[in-house]
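*Asks:* Below are the structure tokens for one structure; questions will follow.
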Amino acid sequence: MSESSNTSHSPQQPPGSPKSASKLVLPKGLQALFLDAGNTILSLDFEFLSQILLQAGLAESGAKLDASSLARAEAAARVNVTEYLEGGHSTEADGTLPIYLQAMLVHAGATAAALSLDALHPLAQQLKEPKTWDALWSQLDPELPGLFRQLRERGLRLIVVSNADGTVARKLANVGLEDAFDAVIDSQLVGVEKPDPAIFHLALEIAACPAEKALHVGDLPTIDYVGARAAGCHACILDPFGDWGPSKYPSAPNLKSICQALLTSD
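Here the sequence shown stands for residues 837 to 1102, where the numbers follow my numbering.
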């Protein structure tokens, strides 16, 4: 697919009500928890994103650009991004963020015809400016740090496994998580990215545990689920609105619910 095309991946509007999904069954004897960073540990600041999109004039596209509408649209857009990534594209390629933005805006009510990928490339470049990108990925559930600490006190190894641009550790430090994990694996720094199972093999080596005793949690099935399963790990997809349909992937609404379940499991 040409990255300037806006036909093959034009997203459909999200359904009016969430669908049920396959709920995660926690594996017994878990020794390691691997976590994606964006949309797993860290969430987008949708208030800030709303300001940027309004300043870019995208209200004229018909999209609802309030934070609540963008949060719902972002989750729905993950389905479209996953379909795009199934073609062998990298999450870190220049063409991926415009696809993500286009899908998000269409799910927010924009007309696809008003949102060519060529027009969205400059906006994507603006968003990826380091200070802006750090500020966008800056939202953290306030209960997570305490949950991470309790899990590690119980002997669970926590390792971040992220496709990123070399700045994941900095983003985590920005929200006070610099000491929350046993390791942070950033694809840019290690030279391999999900879904290549090699990045999970690296995490398993650090965790010193067999693959069947590790659970990976992320937001994109083609990247997180496929890669983790190829390495022999258990995997769970975060699906806050049930966009993946019934029984397609083991899922949970958010990371907090998984951490809480791990702390109360035998």
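Just so you know, even glycine gets a beta-carbon here, dropped at the ideal spot from N, CA and C.
Computed from a predicted model, the values in this text were never measured in an experiment.
(1) Does chain C have any CB closer than 8 angstroms to the CB of Ala950?
(2) Considering only residues of the same chain and omitting the five flanking positions on each side of Pro1089, which have a CB-CB separation below 6 angstroms?
(3) State the DSSP-derived secondary structure class of Asp1022, mapped to helix, strand or coil.
(4) Can you list, in chain order, the stretches of the alpha helix (DSSP H) that have 4 or more residues and sit fully within the stretch 962-997?
(5) State the Cα-Cα distance for the pair Ala1097 and Leu956, rounded to the nearest angstrom.
(6) May I ask you to report which of helix, strand or coil DSSP gives Gly874?
(7) Roughly how many whole angstroms lie between the Cα atoms of Leu866 and Gly982?
(8) State the CB to CB distance for the pair Leu862 and Ser1101, rounded to an integer number of angstroms; the pair is presumed to be in contact (CB under 8 angstroms).
(9) Within the same chain, show all residues whose beta-carbon is closer than 6 angstroms to that of Ala1073, passing over the 5 residues directly before and after it, in chain order.
(10) Can you give me the start and stop residues for the beta strand (DSSP E) that Gly1063 sits inside?
(11) Cβ of Ala1009 within 8 angstroms of Cβ of Phe870?
(12) On the DSSP bridge assignment, give the partners of Leu1051 in chain order.
(13) Out of Gly1054, Ser879, Ile877, Leu901, which one is the CA nearest neighbour of Ile888?
(14) Along the alpha helix (DSSP H) that carries Ala948, what are the first and last residues, could you check?
(15) Buried or exposed: Gly991, going by 16 or more other Cβ atoms within 10 Å of its Cβ?
(16) Assuming Ala960 contacts Pro934 under a Cβ cut-off of 8 angstroms, what Cβ separation, rounded to an integer in Å, is found between them?
(17) Cβ atoms of Leu878 and Ser974: under 8 angstroms apart, would you say?
(18) Reducing DSSP to helix, strand and coil, say where Leu1091 ends up.
(19) Closest by CA to Val1004, which one among Glu1041, Val1026, Ser904?
(20) Would His925 pass as a contact of Thr932 if the rule is Cβ separation under 8 angstroms?
(21) Is it right to say Ala899 is buried, meaning 16 or more other beta carbons lie within 10 angstroms of its own, or is it exposed?
(22) Between Gly923, Ile1021, Pro1031, Glu1048, which lies nearest to Leu1038 when the distance is taken from Cα to Cα?
(23) Quick check: the Cα distance between Ala1064 and Pro1031, rounded to an integer number of angstroms?
(24) Leaving out five residues before and five after Ala873 in sequence, what residues of the same chain have Cβ atoms less than 6 angstroms from its Cβ?
(25) I'd like the list of long-range same chain contacts for Ala946, defined as Cβ closer than 8 angstroms, with 5 residues on each side in sequence excluded.
*Replies:* A quick look at the data gives this:
(1) Here there is only one protein chain, and chain C is not present.
(2) Pro1076
(3) strand
(4) 966-972, 980-989
(5) 40 angstroms
(6) strand
(7) 19 angstroms
(8) 5 angstroms
(9) The identity of residue 1073 in the sequence shown is Ile, whereas the question assumes Ala. Result list for Ile1073: Pro1057, Tyr1061, Tyr1085, Ser1087, in chain order.
(10) Where Gly1063 is concerned, there is no enclosing beta strand (DSSP E), although the alpha helix (DSSP H) around it starts and stops at 1062-1066.
(11) no
(12) Leu869, His1070, per the DSSP bridge assignment.
(13) For the set Gly1054, Ser879, Ile877, Leu901, the Cα lying nearest the Cα of Ile888 is the one of Leu901.
(14) Here Ala948 belongs to no alpha helix (DSSP H), and DSSP marks it neither H nor E.
(15) exposed
(16) 5 angstroms
(17) Yes; because the gap between Cβ atoms is below 8 angstroms, this pair is in contact.
(18) helix
(19) Val1026
(20) yes
(21) buried
(22) With distances taken between Cα atoms, Leu1038 lies closest to Ile1021.
(23) 7 angstroms
(24) Val996, Ser998, Val1004
(25) Leu894, Ser897, Gly898, Ala899, listed in sequence order.
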